[in-house]
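Counting from 87, one number per residue, gives the positions in the sequence shown under the working numbering. Here's the structure we're looking at; comments come further down.
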Amino acid sequence: MTDPVARALAHVRGLGAAGAPAVPARITVSFHPDRRLRDGRTVAEHLATEGVYRSQFETGISNGGLTARPGGDRERWEHRMFAGAYPSSVTAGRPVYGGLNLAGHPDGASPRFGSCHLVLRPEVAARATFSHGDSVTEPTIVGTSDTFGGIHAALLEQVARTGSALGVAAGSAEEWVAALGESRTAAGRTLDDYVEAQIHGGVDLTTDVEAVVADPSFSGTPTAAHLARLAPLSFHPGFELAPAEFPDHLRGPEAPQLARSLGVDVIDAAVLGRADTDPQLIKYLWHILVLLGRPHTLQE
Numbered sequence: 087m088t089d090p091v092a093r094a095l096a097h098v099r100g101l102g103a104a105g106a107p108a109v110p111a112r113i114t115v116s117f118h119p120d121r122r123l124r125d126g127r128t129v130a131e132h133l134a135t136e137g138v139y140r141s142q143f144e145t146g147i148s149n150g151g152l153t154a155r156p157g158g159d160r161e162r163w164e165h166r167m168f169a170g171a172y173p174s175s176v177t178a179g180r181p182v183y184g185g186l187n188l189a190g191h192p193d194g195a196s197p198r199f200g201s202c203h204l205v206l207r208p209e210v211a212a213r214a215t216f217s218h219g220d221s222v223t224e225p226t227i228v229g230t231s232d233t234f235g236g237i238h239a240a241l242l243e244q245v246a247r248t249g250s251a252l253g254v255a256a257g258s259a260e261e262w263v264a265a266l267g268e269s270r271t272a273a274g275r276t277l278d279d280y281v282e283a284q285i286h287g288g289v290d291l292t293t294d295v296e297a298v299v300a301d302p303s304f305s306g307t308p309t310a311a312h313l314a315r316l317a318p319l320s321f322h323p324g325f326e327l328a329p330a331e332f333p334d335h336l337r338g339p340e341a342p343q344l345a346r347s348l349g350v351d352v353i354d355a356a357v358l359g360r361a362d363t364d365p366q367l368i369k370y371l372w373h374i375l376v377l378l379g380r381p382h383t384l385q386e
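Quick look at the structure:
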């Protein structure tokens, strides 16, 4: 490991609490495979060609906030979270973001950030840090795979307070822990409820990725062909809605207006990828799809 990686891990390990079992779940890294990079290639083409998943500082695109630049909010958050381990002038080698899929949701731990996801090999967790909540909220409950106790306790407290955590409802902490081990076929739809993972030391598609899970709207497309070159490819249930089914109250009136203007009978991930328009509104439409969409008619 490089010195910045070792320093970042040591800092977060010191903030975490021991006492919980080692992390038993896979990290998933969500992405939209058809978004285009600065050089005109899609994300899927880039991954298939270069074999490396790069951070938003290098790609210049993000499925969350667009602040990954020197002096931006993302750089400031990382400086605080990792005690300055990554110099502000450096863009290469910074953490890659994903989610810890403790509930085994087929659409991944954090579908907010993409219609497809990489499933990382279990050993990658040893060089990841975790937070209860997204780093945009500047969380204080953090840990590593061997100091996960604080996050585990926060999840149990969330269950006691709300009756649910990570998209899994339960009447007690004991029921929730037992429910995590159940097999799931329906989408988790955890738009805002996830344990964020920050992967240090890079993501090499050959050594670090064991599977790719895609939205079924890409089945039979060149995008799927690119993804199949990365690792064994499967499909989650997917999401689709008719334009008239996008409500005004979730992300404001402009998003459903855009949905109706796309000129299609059904909106899915692939349709949104082809829409050459306001990326913020496209992001809002994707959020609504995750929350309300029916399983895709093309699901495998």
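Ideal Cβ positions, reconstructed from N, Cα and C, are used throughout, including at glycine.
Non-local C-beta neighbours of G274 in its own chain, meaning closer than 7 Å and more than five positions away in sequence, comprise A189, H191, D193 and G253, ordered along the chain. Secondary structure at E326: strand, using DSSP grouped into helix, strand and coil. Relative to H218, the option among A283, A255 and V376 whose CA is nearest is A283. In the structure shown, D89 falls within a helical segment according to DSSP collapsed to helix, strand and coil. P197 has its alpha-carbon roughly 9 Å from the corresponding atom of D278. DSSP places Y370 within a helical segment (H, G or I) once states are collapsed to three. Residue range C202 to L206 is occupied by the beta strand (DSSP E) that includes L206, with no alpha helix (DSSP H) assigned at that position. Comparing alpha carbon positions, the residue from P225, F321 and R360 closest to T383 is F321. Within the same chain, and ignoring the five residues on either side of L336 in sequence, the residues whose Cβ sits closer than 6 Å to its Cβ are I374. In this structure, G249 and A240 do not form a Cβ contact; the two beta carbons are roughly 15 Å apart against a cut-off of 8 Å.
Cα atoms of S116 and P308: separation of roughly 19 Å, rounded to the nearest angstrom.
V228 is bridged by DSSP to S217. Taking C-alpha positions only, I353 is separated from A310 by approximately 18 Å. Taking the Cα of V245 as reference, the smallest distance to any Cα among D232, H238, R315 and A259 is reached at A259.
Rounded to whole angstroms, the separation of the alpha carbons of E296 and A134 is 15 Å. The Cβ atoms of H203 and T114 lie closer than 8 Å to each other.
Around the beta carbon of G359, 16 or more other beta carbons lie within 10 angstroms, which makes this residue buried.
Cβ contact annotation for R166 (same chain, cutoff 8 Å, sequence separation greater than five): E224, in chain order. When beta bridges are read from the DSSP output, G184 appears opposite A283. Going by C-alpha positions, N187 is about 22 Å away from A130. With a 10 Å radius around the Cβ and a threshold of 16 neighbouring Cβ atoms, G105 comes out exposed. Among the bridge pairs identified by DSSP, L319 is matched with V298. In this chain, the beta strand (DSSP E) harbouring I113 covers I113 to F117. When DSSP reads this structure, T233 sits in no beta bridge, so it has no partner. Between I368 and V299, the alpha-carbon positions lie close to 21 Å from each other.
For R380, the three-state secondary structure derived from DSSP is strand.
The beta-bridge partner set that DSSP reports for A251 consists of V254.
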